[in-house]
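Notes follow the structure.
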Amino acid sequence: MTAIEATDVKELEDLDEQDVPKAEWLSFKLAGLDYAVDILRVQEIRVWQASTRIPYSPAYVNGLINLRGAIVPIVDLRLRLGLDYRDYDAETVTLIMDVVLNEGNKTIGIVVDAISEVIQTDTDNAQLSADFDLTIDQAYVSGIADDGEKMVILLNVDTLLDLDI
Amino acid sequence: MSDPLERFRAVFFDESAEAIDAIERNLLDVDDASTMDAETINDIFRSAHSLKGGSATFGMGSLTEFTHVMETLLDKVRSGQLRISQEILDCLFSSLDVLRNLVAHYQFDDAINQAGMQRVKTELEHLLAPPSSGQMVAANSPETSDVPAGPAGSEWLIEFAPDPGIMMTGNDPLRYIDELAELGDISVTCKTSAIPDFEQLDPTHIYCLWQISLKSENSVSEEDLKDVFMWIEDEAEFQFTPINNPEDVASPAPVIPEPVIPPSEEPSPPVSATEQELAQPENPQPQDASVPVKSKAKRAAQSIRVDLEKIDSLINLLGELVITQSMLSIYGDEEKYPQFERLSEGLSQLERHTRDLQEGVMRIRMLPIDFCFSRFPRMVRDLSKQLDKSIAVQIIGENTEVDKTVIEELNDPLVHLVRNSVDHGLEDRSTRLAKGKPETGTVTLKAFHQVGNIIIEIADDGAGLNTERIKAKAIEKGVIKANANLTEQAIHELIFAPGFSTAEAVTDLSGRGVGMDVVKRNIRALGGTIDVRSIADEGTTFTIRLPLTLAILDGQLLKVGQETYIIPMLSIIESIQLKPEDINKVGNRDVSFKWRGNFIPILNLAALFGCQVDHQQLVETGLVVVVESDGKQCGILVSELNNHQQVVVKSLEANYAKVQGLSGATILGDGSVALIIDVGAIISRVRMH
Amino acid sequence: MKKILTVDDSASMRAMVAFTLKAQGFDVTEAVNGQEGLDKAMGDNFDLVISDVNMPIMDGIQFISALRKADNYRFTPILMLTTESGLEKKQEGKAAGATGWIVKPFDPQKLVAVVNKVLK
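Chains as they are written, first to last, in my numbering: chain A, 1 to 165; chain B, 166 to 854; chain C, 855 to 974.
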């Protein structure tokens with residue numbers, strides 16, 4: 001309950017900044033922690049499907065799938081973030097993301113353990129990640145959100161999926 | 166002039182003269198199809214529109230009909246459904262003459278030049294037709310019943326008698342009728358005779374049955390209809406009756422007095438108008454009414470419009486058929502199954518037919534580049550007449566097949582490049598003779614496939630690019646600094662710079678074309694590149710390289726371990742079976758084998774690509790695909806050879822990156838992704854080792 | 855706003871259906887099995903119900919036939935999510951009162967198309 005009260009206080013403080021739009025983030029589980037990506041970048045959520053391995057690809061690139069005729073690479077997000085590999089199960093899903101890169105827009109899928117929920121946050125709520133030791137590359141993180149009782153790591157899709165191949 | 170209507174007619178004639186002049190002015194102001202702005206198009210549209218409105222008011226049918234077609238085309242351009250192109254501009258120019266003639270007909274009783282009008286009208290309709298679907302026909306039908314409809318599709322009579330309790334499963338019969346309407350135009354009759362008296366009526370029951378007649382431009386199969394009702398196949402009675410379209414039977418191609426134009430040829434450009442008219446007189450003019458029938462017949466012979474989605478789903482289905490066929494083909498092994506001799510004969514026939522069928526279906530999407538090339542001899546001839554130059558056109562590789570979409574996009578850039586060669590590249594007769602060159606210059610159009618690319622070359626044997634003039638112009642235009650130190654090649658490439666135009670004086674010819682920068686942009690939009698090579702007094706060659714993104718490749722499917730790869734058939738010489746002892750080893754490595762008297766290296770694809778595979782088993786299987794590139798051969802060890810089929814090549818770069826040794830990927834019949842091997846690249850790796 | 859109930863024991867499948875349909879402006883409620891689905895359906899008035907077939911506690915077939923018996927769901931479209939091979943289940947479901955089915959795994963766009971059609 002304390003967490004909810006805290007949010008209420010927060011909202012009172014923000015009263016004069018009501019027009020600041022709240023961003024929506026899609027949160028998901030990865031190795032016990034909660035992460036989230038900008039929901040506007042999520043094209044669709046798919047059940048995990050077998051992919052075609054690509055020679056010379058980094059370990060975190062799972063392979064290629066056919067997305068309605070387009071060839072789309074799938075990134076294992078655990079491995080991309082340097083976490084331990086886990087076998088896929090019924091809860092495993094692939095989020096198809098729109099990625100904005102220097103060379104143009106790409107469509108790339110990421111495999112996560114399970115989908116959680118849609119959370120709302122704003123810049124005030126998203127604390128600077130430099131204060132935390134997240135064990136993952138800071139460049140991939142755009143902030144930390146306080147979602148009630150737990151902390152959610154907000155990922156920057158464009159740096160996260162700027163694959164160094 | 167006592168009749169008040171007559172007075173308004175006079176006003177209308179003044180207005181129409183103004184409107185036609187306004188269209189002409191606007192068209193003349195446009196010197197570059199690609200930079201034509203919305204305002205200009207709107208102006209032209211408005212003029213055509215007011216002509217149409219006025220002529221309809223005064224009962225000037227022919228003028229109304231003609232301006233209607235013009236207006237429809239302009240509206241498409243205005244709304245962005247059609248891209249303005251040189252042909253459209255040319256056709257609008259020719260429309261002016263028709264408009265003036267028609268106005269003169271109503272004003273002064275001049276004779277209508279039927280042939281001229283019909284030709285331009287057909288051309289307008291032709292420009293209108295390709296990208297539009299049923300929409301245009303629907304928009305036209307109320308007022309111009311004589312605009313030819315698309316080729317006849319299917320017509321069905323459907324009886325749909327749902328079980329009384331159908332609503333109890335949440336199904337609404339009307340929903341399915343709506344869904345039928347997505348297949349084409351429907352008219353629905355509801356039979357209510359089974360509705361009981363009010364006292365017996367259960368409001369949750371359906372007592373109606375429906376008769377629906379469906380008319381579609383596309384072909385609709387019984388399967389399509391059954392698909393619509395899939396969810397309720399057990400909850401209703403159906404009867405699907407195909408109806409023969411009486412029009413199909415009653416409209417054989419009428420005798421056409423005009424010379425028959427070969428199907429691949431574009432409608433004649435405006436320059437030819439006089440020729441055609443001169444050819445006419447001895448033939449009786451076709452009457453108004455017969456004209457649309459003629460153009461309908463002609464168009465039907467050329468093509469039918471099919472939704473690309475339908476073709477793609479057909480391709481996918483065939484992919485599955487091919488897989489089934491290859492599954493069956495193991496029973497065709499006569500040594501293993503001697504008792505199935507007849508079966509094996511049938512199977513090999515099945516295989517052949519399946520392959521032919523697949524090839525045919527894949528080809529639907531592909532068109533020979535001739536569709537694009539064939540217009541040029543005529544165009545160059547007309548241009549050379551105007552310029553008083555002697556120019557021959559040479560076409561090579563016109564049968565090279567290219568995806569339909571690419572052909573459409575290539576048209577404008579190629580027109581510009583050819584115009585450019587004719588206008589600026591090739592010298593006139595005397596200059597050529599003075600240089601000791603043959604009097605007749607040549608423009609060569611060439612198309613061919615090269616690993617991973619389609620190459621199109623437009624070459625001339627003219628004067629070559631004028632390096633000094635380009636440099637001076639680039640400095641003048643501020644494209645480069647005056648002290649810039651550039652190689653000759655770099656200077657030549659400046660012609661692609663935005664804001665650069667080589668023509669010293671804007672001639673009548675290239676004046677209305679697009680700029681080189683636009684050409685480059687168009688090619689790049691297709692994922693391709695364009696290069697120029699030019700040697701003074703020898704000529705200029707533009708090379709367009711397009712990736713295989715949309716192209717199709719004849720590929721051999723094979724497995725290494727569990728992974729499926731595709732090798733282009735063009736790179737394969739043969740597939741052979743070796744015994745382990747045929748393979749020469751150096752230490753642990755398999756190095757080479759003897760093939761046609763020579764030792765050729767073995768390429769360990771599994772190791773190269775990191776495939777999980779039991780190497781010993783691979784050697785014991787001894788299945789080797791002998792491939793060749795640039796005169797070098799090597800043998801690739803594979804676990805399994807599957808069927809070969811045509812595949813649609815997709816780029817890996819679009820969402821991923823270029824991968825060494827691969828030229829792309831494709832989607833197989835089962836929906837999975839398979840990678841396509843770039844044989845040239847992997848062979849060059851073998852050489853390095 | 856049209857209200858849709860999605861019943862599935864797989865959180866991911868639920869999330870996928872919910873995410874896809876919410877993006878289209880539908881009001882989506884989730885339930886983890888037939889029993890919860892039934893409880894939620896009774897306390898509300900959904901325009902469409904999408905249910906998995908194999909679920910613990912109460913499976914999709916039981917759920918559909920129970921829901922169909924409720925007065926306010928007599929004519930409501932109910933779609934099953936079935937796998938390609940589950941032809942028998944399809945017929946069982948139809949017998950229980952399902953409107954139609956969607957084959958898993960499905961394309962999100964296809965789901966939207968079917969839902970729009972059914973709710974039109």
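Each residue gets a CB set at the ideal place from its N, CA and C atoms; glycine is no exception.
Closest by C-alpha distance to residue i, when choosing among the options
| i | options | result |
| --- | --- | --- |
| A/Glu24 | A/Glu117, A/Ala139, A/Tyr85 | A/Glu117 |
| C/Asn908 | C/Leu973, C/Glu942, C/Ala924 | C/Glu942 |
| B/Val558 | B/Phe538, B/Ile572, B/Thr570, B/Glu574 | B/Phe538 |
| A/Ile39 | C/Asp881, C/Glu884, C/Asp906, C/Lys876 | C/Lys876 |
| B/Gln654 | B/Leu482, B/Gly629, B/Ser215, B/Glu641 | B/Gly629 |
| A/Glu103 | A/Val42, A/Asp158, A/Arg41, A/Gln43 | A/Asp158 |
| B/Leu840 | B/Ser358, B/Tyr821, B/Glu510, B/Thr786 | B/Tyr821 |
| A/Met97 | A/Val37, A/Lys150, A/Ile165, A/Asp87 | A/Val37 |
| B/Glu344 | B/Met332, B/Asp392, B/Leu548, B/Ile801 | B/Asp392 |
| A/Thr52 | A/Ile45, A/Ser27, A/Arg41, A/Asn66 | A/Asn66 |
| C/Leu933 | B/Glu785, B/Ser378, B/Gly335, B/Leu548 | B/Gly335 |
| B/Ile623 | B/Gly720, B/Ala599, B/Ile561 | B/Ile561 |
| B/Gln798 | B/Glu805, B/Phe764, B/Phe774 | B/Phe764 |
| B/Ala187 | B/Phe403, B/Ile209, B/Ser259, B/Val263 | B/Ile209 |
| B/Val812 | B/Leu473, B/Ile621, B/Pro733 | B/Pro733 |
| B/Leu193 | B/Leu261, B/Asp179, B/Leu247 | B/Leu261 |
| B/Ile342 | B/Leu473, B/Arg517, B/Val756, B/Phe325 | B/Phe325 |
| C/Thr930 | C/Val972, C/Thr883, C/Arg868 | C/Val972 |
Close beta carbons around residue i, own chain, < 7 Å, minus the five adjacent residues each side
| i | result |
| --- | --- |
| A/Lys182 | Shown here, chain A extends from 1 to 165; a query on residue 182 of chain A therefore has no answer. |
| B/Met225 | Tyr271 |
| B/Thr309 | Note on B/Thr309: pLDDT 36, under 50, position unreliable in the model; the coordinate value appears next. For B/Thr309, where only same-chain residues beyond five positions count, the Cβ hits under 7 Å are Glu230, His233. |
| B/Val851 | Pro766, Leu768, Cys799 |
Beta-carbon proximity list for residue i, same chain, < 6 Å, skipping 5 on both sides
| i | result |
| --- | --- |
| A/Leu161 | Val99, Ile108 |
| A/Ala59 | Leu79 |
| C/Ala924 | none |
| B/Ile253 | Leu292 |
| B/Ile738 | Val791, Glu793 |
| B/Ala221 | Thr229 |
| B/Lys380 | Glu320, Gly349, Asp350 |
| A/Tyr88 | Trp48 |
| A/Arg41 | Met97, Asp98, Val157 |
Close Cβ partners of residue i (< 8 Å) along its chain, the five nearest in sequence each way excluded
| i | result |
| --- | --- |
| A/Leu30 | Leu77, Arg78, Leu81, Leu83, Val112, Asp113 |
| B/Pro476 | Pro is not the amino acid found at residue 476 of chain B; the sequence shown has Ile there. Around B/Ile476: Val526, Ile529, Arg530. |
| B/Ile645 | Lys636, Ala639, Leu651, Leu659 |
| C/Asp881 | Met855, Lys856, Lys857, Ile858 |
| B/Met282 | Ser227, Phe231, Val263, Asn266, Leu267 |
Where the alpha helix (DSSP H) containing residue i begins and where it ends
| i | result |
| --- | --- |
| B/Ser319 | Here B/Ser319 belongs to no alpha helix (DSSP H); instead the beta strand (DSSP E) covers 319-327. |
| B/Met544 | 540-552 |
| C/Gly891 | 888-896 |
| C/Phe917 | 914-923 |
Boundaries of the beta strand (DSSP E) in which residue i is found, first to last residue
| i | result |
| --- | --- |
| B/Asn266 | B/Asn266 -> not in any beta strand (DSSP E); alpha helix (DSSP H) instead, spanning 251-273. |
| B/Phe665 | That residue, B/Phe665, is in no beta strand (DSSP E); it is neither H nor E in DSSP. |
| B/Gln798 | 797-803 |
| B/Leu238 | Premise fails: B/Leu238 lies in the alpha helix (DSSP H), 226-243, not in any beta strand (DSSP E). |
| B/Glu916 | For chain B, the structure presents residues 166 to 854; residue 916 of chain B sits outside this window and is missing. |
| B/Ile534 | Careful: B/Ile534 lies outside any beta strand (DSSP E) and carries neither H nor E. |
| A/Met97 | 93-101 |
(request) Within the region 738-772 of chain B, note down every full beta strand (DSSP E) run reaching 3 residues or more, in order along the chain. (result) Runs found: 748-751, 754-760, 763-768.
(request) Tell me, please, whether the region 576-595 of chain B touches the region 545-558 of chain B by the rule of three or more beta-carbon pairs shorter than 8 Å. (result) In short, these stretches touch, since the Cβ pair count reaches three.
(message) Suppose only complete runs of 3+ residues qualify. What are the beta strand (DSSP E) ranges in the region 319-402 of chain B, listed by chain order?
(response) Annotation: the region 319-402 of chain B contains the following complete segments of the beta strand (DSSP E) (minimum length 3 residues), in chain order: 319-327, 350-356, 374-381.
(request) May I ask you to verify whether the region 225-243 of chain B touches the region 262-271 of chain B, counting CB pairs closer than 8 Å and requiring at least 3? (result) The region 225-243 of chain B, when compared against the region 262-271 of chain B, does touch it at the 8 Å Cβ threshold.
(request) Say whether the region 952-962 of chain C touches the region 368-380 of chain B, bearing in mind that this needs 3 or more beta-carbon pairs closer than 8 Å, one atom from each stretch. (result) Fewer than three pairs of CB atoms, one per stretch, sit closer than 8 Å, so the region 952-962 of chain C makes no contact with the region 368-380 of chain B.
(request) Tell me the start and end of each unbroken beta strand (DSSP E) in the region 555-628 of chain B that is at least 3 residues and wholly inside, in chain order. (result) Runs of the beta strand (DSSP E) lying entirely within the region 555-628 of chain B and spanning at least 3 residues, in chain order: 556-561, 566-568, 606-615, 618-625.
(message) Across the region 912-929 of chain C and the region 890-902 of chain C, are there enough close Cβ pairs to call them in contact, namely three or more that are closer than 8 Å?
(response) Two segments are said to touch when three or more pairs of C-beta atoms, one from each, lie closer than 8 Å; by this definition the region 912-929 of chain C touches the region 890-902 of chain C.
(message) For the pair the region 742-756 of chain B and the region 824-838 of chain B, tell me if three or more CB-CB distances fall below 8 Å.
(response) Not touching, per the Cβ criterion.
(request) Pick out the complete alpha helix (DSSP H) segments inside the region 770-794 of chain B, 4 residues or longer, and give them in chain order. (result) Correct list: 770-774, 780-786.
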